[in-house]
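The sequence shown runs -17 to 440 under my numbering. We treat Cβ as the ideally placed atom computed from N, Cα and C, and that holds for glycine. Following: one structure in structure tokens, then a few remarks.
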Amino acid sequence: MSARVHKAWSGRFAAATDPRVEAFTASLPVDRRLYPYDLEGSVAHCQMLAARRIIPRADAVRIVRALRQIRVEIDSGRFAWLPSDEDIHMAIERRLIEKIGPVGGKLHTARSRNDQVALDVRLYLRDQIDAIRQEMRALEKALASVARRHPKAIMPGYTHLQPAQPILFAHHLLAYIEMLERDRSRLEDCRERVNVLPLGAGALAGTTFPIDPKAVAKALGFRAVSQNSLDAVGSRDVLAEFLASAAIAGMHLSRLGEELVLWSSQEFGFVSLPDAFATGSSMMPQKKNPDVAELVRGKTGRLYGNLVALLTTLKGLPLAYNRDLQEDKAPLFDSVDTLRASLSVLEAMLPQLAVREDRMREAATAGFTLATDLADYLVGRGVPFRQAHEVVGKVVRDCLARNRTLQDLSIEDLRRFSPHFASDVRRWLSPEAAVARRRAPGGTAAPNVARRLRTLGL
Ligand code: ARG
């Protein structure tokens, strides 16, 4: 026995754990980051045990004091992690008993690592959701600041990546703000379901001790207490929900990344990236590459992968706890880190974009983007929309054949297609006028954009 490292569960075992098993089952390198939550949860648990007289108050005082010292040891990097520490819970309990002796062993009364880890992850995720929601809001502010700096910039709006109709650049940016608003509200919803206390479930069936989960929930800021012990230790759907929300948010960021890649290309030239946020080529001296935007796009693969990894781990697991569930943390932490990194780099980069309003304006009318407006003009003169569409289609075809634009056409040219064209059509055919006419709710007109920014408090 003396040569063996003592394990919390070693009582039943006659032989030491094979080192390969130790390495294979250990989760400490991954779950180490849960330590503040593990300690916080243990303090609340211990105080409840004392309040309910499950352990003597004097013991609880010593335990809580030692837990606080352990917090300082880990924070300051002085904590000695041992390879035999299976996970963060064991490492902390081992140190607790080292510090205060066998009385430290009272902390785990009425608790299992199964409900303990479920608690730690919920505390962690709740904090992360709050941080991510703030970072999303910061990114919205960055988008809004670019929009406000270029309130009149007009660009081509696309469908099928073909020029479609002129829009305000600000309106385009606000579309991403709307997506981020929904991403934030999805996380807010998810937070409600995360914010439930699983502690008290014990290993699976509940505990024989007269615990007070409500008091623990109150101390830790949970809004409710789990109503089924098997569910409390065996379910991870709230994590899956978070990973799904992170995957969706990543998809939105990826679309923004893709647009930054396109816009900063030679061919579009709508923006140029700040030097501090672009990278060069080791071979081609002229290159300035949009690697940040590309990586934001590329990292979405991990966010999707993490969701699928967890769902796959959960599928077909019998109730309640299975060690498979330990595999929940790597994808969870990776999605948190990946999403936060993407949000923060975009937030820093966007306000420094140089926006080429001239290039956008030039592109805004290329490709007959005012054709819909020309048809709408005829509709204003009483022509049924279908006929107007047909007439303008012919005008466009004629322009293409003669290599001209709609603006090149004289009023006489236009009247060959319809007698309803009059001299005011020339003023009608500007991208500024086209944008300003789209005042209907949600349309690209400037007052809509300004109002939406105000409503959102951005
Ligand atoms: N490290 C474990 C996990 O993350 C903690 C729970 C261990 N429970 C057990 N019965 N072995 O899931």
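### Query
For Ser254, which of helix, strand or coil comes out of DSSP?
strand
### Query
Going by the beta-carbon positions, is the gap between Arg363 and Ser254 smaller than 9 Å?
no
#### Entry: Whole-number beta carbon distance between Asn96 and Ala8, since they are thought to touch under 8 Å
Incorrect: roughly 17 Å between the Cβ atoms, too far for contact.
### Task
Determine the contact status of Ala114 and Ala228, defining contact as a CB-CB distance below 9 Å.
For the sequence presented, residue 114 should be read as Ile rather than Ala. For Ile114 and Ala228, yes; Cβs fall inside 9 Å.
### Query
Which ranges would you report for the alpha helix (DSSP H) in the segment 185 to 227 if only whole runs of at least 4 residues count?
195 to 202, 211 to 216
### For Val365: DSSP bridge partner residues
Paired residue(s): none; Val365 is not in a bridge.
### Task
Count the C-beta pairs between the segment 203 to 222 and the segment 150 to 167 that are closer than 8 Å, then say yes if the count reaches three, no if not.
no
### Query
Under the rule that 16 or more other beta-carbon atoms within 10 Å means buried, what is Glu394, buried or exposed?
exposed
### Query
Pro138 bridges to which residues according to DSSP?
Pro148
#### Entry: Span separating the alpha-carbon of Gln248 from that of Lys270
11 Å
### Message
Under 8 Å: does the beta carbon of Lys(-11) sit that close to some heavy atom of the ligand ARG?
### Response
no
### Query
Leu162 by DSSP, collapsed to three states: which one?
helix
### Query
When we look at the beta-carbon of Phe403 and count the other beta-carbons within 10 Å, is it buried (16 or more) or exposed?
buried
### Query
Under the DSSP definition of a beta bridge, which residues are partnered with Thr426?
BP columns for Thr426 are empty, so no partner.
#### Entry: Cβ-Cβ separation, Met331 to Pro503 (assumed contact under 8 Å), whole Å
Here the chain covers residues -17 to 440 and nothing more, so residue 503 does not appear.
### Task
Less than 8 Å between the CB atoms is what I'm expecting for Leu411 and Leu321, so what's the real figure, rounded?
44 Å between Cβ atoms; not a contact.
### Message
Buried or exposed for Trp(-9), going by 16 or more other Cβ atoms inside 10 Å?
### Response
exposed
### Query
Residues in its own chain within less than 7 Å of Ala(-15) by CB, not counting five upstream and five downstream?
Any reading at Ala(-15) needs caution, since the residue's pLDDT is 44, under 50, leaving its predicted position unreliable; the model's value is listed next. Taken in chain order, the list of residues that qualify is empty.
### Query
Can you give the Cα-Cα distance for Ala5 and Ile70, rounded to whole angstroms?
14 Å
### Nearest neighbour of Pro192, chosen from Arg35, Ala152, Thr261, Asp41 [CA to CA]
Arg35
#### Entry: Proximity below 9 Å, CB of Glu163 to CB of Glu329
no
### Task
Would you tell me roughly how many angstroms separate the C-alpha atoms of Glu442 and Thr354, rounded to the nearest one?
Given a span of -17 to 440 for the chain in the structure shown, any question on residue 442 remains unanswerable.
### Message
What does the Cβ neighbour count give for Arg384, buried or exposed, with the cut at 16 atoms within 10 Å?
### Response
exposed
### Query
Got a sec? Which residues, its chain only, sit under 8 Å from Ile230 by beta carbon, not counting five neighbours each side?
Asp165, Arg168
### Message
For a test of the three-state rule: what should DSSP assign to Leu143, helix, strand or coil?
### Response
coil
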